[in-house]
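Student:
In the working numbering, the protein residues as written are 1169 to 1722.
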């Protein structure tokens, strides 16, 4: 069987598995966020934190809950790292330096999981399991809560109430993320991922000397790393490490976990707004972009140029032989079109165009299907922009799901789509202009520029993957990427929740003959075009200086 055919079979199996899970999971999540019943463990949590899950919140109160909870999470994780040396189960590792502790705390709370350290050489069991893994659950649940709040903004009318943040947060963790993670961890252990709390031990000879590894709760952290579109690896090699991702079966399962909730949330959206066709339109848009990126990536990486590529069957540099080009390409697209950031191969070693595809996937806003929660609300923002453009074409006030898109709504949507490009391009420009950050680049020329552009693209878009080659463990990068991650995560949430509040206050507009049908393929095509054009106009000059220049020169 040729590698191309094997890749096509993997892709077919993945799509089939996602299709089977789409309806039951999407409907289940709609019931979770619409239910008025609280389970006993949830009641204990509400009592412990002093929250009333029945109290409805307007968008400022909902936002205060998001920001306050996230700020406490950053502080808690920062302090845990700073006192690691005094904690049990530290494996003899010292406390984390202040700049790196800030970067890591910001990273995991912002659902970015950017790592400028070697996990197996820096973090002990308590920080890994009690700090980082916990934030993998919580940050994912925060993103889902904000997405559900926006959906309620479309579904409700004549009220500014968006639900209760604390109830949405707790239910996301208790009813969705934990049950799936338990099952997923068992599957990964069965595939060969490790799950223990052993100390550092020798595993054999390597290059004339001994090789040492520490154990850990790897399978349990790996499953929520992928399911919650987090991406932070227990080991520095991330999902290329055999302890995290042992074989092709586990690799395909991890890709499935990455895409599971973001795609299924479109069904949740359709169910909650009372029109499954609207959910299918968003799903179709996401699927077209994702499949297009996978096809383009596989074509780029399989293209034979010269004897070395022909012998290897394609561009195998930086890829694991147990996954091959197909498994690596599908994983790379899945992780960069979501906010996951996990890697099973090293994107810096991809062809020039291949590296550009991973970068472009993040620059789209990671909306196809995007992160857990953030992908849905990002795509809905783009849907509003597309409706507005269509309205300008015909001279009609735009409407979406029975809500008028007026001056306030389009300003909030515009602010949303401008935040991340401003952070990415601004920080990249400053880093390239100063002498010290450029010293961290391993490569010069277009590839060196791509290293820095990728780093800030990954941070501001809350992805977390790295282009490799860049020494990001410096005070400059730890601080600036940490700031980019926090602003890139929480500033857009401000505009999303403000938009949700303004939509919930509106009176529904009855559908007429002139209303744009947003549940049809024509609109989905318009939405795809809008996304690509906005991204292209924003990032094309920077991409032309980096991956495009490198690809054309090779």
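Note that beta-carbon positions come from the ideal geometry of N, C-alpha and C, so glycine has one too.
Identify the continuous alpha helix (DSSP H) that holds residue 1697 and give its terminal residues.
Tutor: 1689-1713
Student: Going by DSSP, what residues sit across from residue 1226 in a beta bridge?
Tutor: Residue 1226 is bridged to 1329.
Student: Just the C-alpha distance for residue 1347 and residue 1603, rounded to the nearest angstrom, thanks.
Tutor: Rounded to whole angstroms, residue 1347 to residue 1603 spans 49 Å at the Cα level.
Student: Just curious, the alpha helix (DSSP H) that residue 1348 is in, first and last residue?
Tutor: Taken as a continuous stretch (DSSP letters only), the alpha helix (DSSP H) holding residue 1348 covers 1346-1359.
Student: Which parts of the stretch 1387-1426 are runs of the beta strand (DSSP E), unbroken and 3 residues or longer, counting only runs that do not cross its ends?
Tutor: none
Student: Since residue 1551 and residue 1568 are thought to touch, with beta carbons under 8 Å apart, how far apart are those beta carbons, to the nearest angstrom?
Tutor: 6 Å
Student: Exposed or buried, residue 1194, counting other C-beta atoms within 10 Å across all chains shown (16 or more means buried)?
Tutor: buried
Student: Who are the Cβ neighbours of residue 1269 in its own chain at under 7 Å, not counting the five residues just before and after it?
Tutor: Close CB contacts of residue 1269 within its chain, under the 7 Å cut and outside five residues either way in sequence, are with 1246, 1249, 1250 (chain order).
Student: Would DSSP call residue 1638 helix, strand or coil?
Tutor: strand
Student: Is there contact here, the stretch 1583-1592 with the stretch 1625-1638, by at least three beta-carbon pairs under 8 Å?
Tutor: Yes, since at least three Cβ pairs between the stretch 1583-1592 and the stretch 1625-1638 fall closer than 8 Å, the two stretches touch.
Student: Under the rule that 16 or more other beta-carbon atoms within 10 Å means buried, what is residue 1547, buried or exposed?
Tutor: buried
Student: According to DSSP, simplified to helix, strand and coil, what is residue 1619?
Tutor: It is helical.
Student: Do you know how far the Cα of residue 1321 is from the Cα of residue 1667?
Tutor: 8 Å
Student: Contact check, residue 1437 vs residue 1450 under 8 Å by CB: the rounded distance?
Tutor: 6 Å
Student: With C-beta atoms as the reference, is residue 1382 less than 7 Å away from residue 1362?
Tutor: no
Student: In angstroms with no decimal places, state the Cα-to-Cα distance between residue 1584 and residue 1496.
Tutor: 32 Å
Student: According to DSSP, is residue 1291 helix, strand or coil?
Tutor: Here residue 1291 sits in coil by DSSP.
Student: Grab me the residues of residue 1588's own chain with a C-beta within less than 6 Å of its C-beta, minus the 5 sequence neighbours each way, in chain order.
Tutor: 1628, 1629, 1656
Student: Starting from residue 1542, trace the alpha helix (DSSP H) in both directions and tell me its first and last residue.
Tutor: Run containing residue 1542: 1542-1562, per the alpha helix (DSSP H) assignment.
Student: If you count every other CB in all the chains shown that lies within 10 Å of the CB of residue 1142, and 16 or more means buried, which is it?
Tutor: In the structure displayed, the chain extends from 1169 to 1722; residue 1142 sits before or after that span and is not available.
Student: Might you give, ordered along the chain, the residues of its own chain that have their beta carbon closer than 7 Å to the beta carbon of residue 1706, omitting 5 neighbours on each side?
Tutor: 1589
Student: Only counting the same chain, and skipping five residues up and downstream in sequence, which positions put a Cβ closer than 8 Å to that of residue 1662?
Tutor: 1231
Student: With DSSP collapsed to three states, give me the class of residue 1133.
Tutor: Because the chain is modelled from 1169 through 1722, residue 1133 falls outside the range shown and cannot be assessed.
Student: For residue 1366, tell me which candidate among 1184, 1351, 1386 has the shortest Cα-Cα distance.
Tutor: Cα-wise, what sits closest to residue 1366 is 1386.
Student: From which residue to which residue does the alpha helix (DSSP H) around residue 1173 run?
Tutor: 1171-1202
Student: Is residue 1312 helix, strand or coil by DSSP?
Tutor: helix
Student: Classify residue 1338: buried if its beta carbon has 16 or more other beta carbons within 10 angstroms, exposed otherwise.
Tutor: buried
Student: So, are the CB atoms of residue 1510 and residue 1612 less than 7 Å apart?
Tutor: no
Student: Just reading off the alpha helix (DSSP H) that residue 1600 is part of, what are its end residues?
Tutor: 1575-1601
Student: Please say whether residue 1259 and residue 1305 have beta carbons closer to each other than 7 Å?
Tutor: no
Student: Which whole-angstrom value describes the C-beta separation of residue 1507 and residue 1397, a residue pair presumed to lie in contact below a C-beta threshold of 8 Å?
Tutor: 5 Å
Student: Put residue 1484 into one of helix, strand or coil per three-state DSSP.
Tutor: coil
Student: Give the single residue among 1380, 1252, 1226 whose Cα lies nearest to the Cα of residue 1292.
Tutor: Of the residues 1380, 1252, 1226, the one whose Cα lies closest to the Cα of residue 1292 is 1252.
Student: Which same chain residues end up closer than 7 Å to residue 1562 when comparing Cβ atoms and leaving out the 5 residues on each side of it in sequence?
Tutor: none
Student: Does the count of Cβ pairs from the stretch 1295-1314 and the stretch 1531-1547 closer than 8 Å reach three?
Tutor: yes
Student: Measure the beta-carbon distance from residue 1556 to residue 1535 and round it to whole angstroms, keeping in mind my assumption that it falls under 8 Å.
Tutor: Not a contact, Cβ separation roughly 17 Å.
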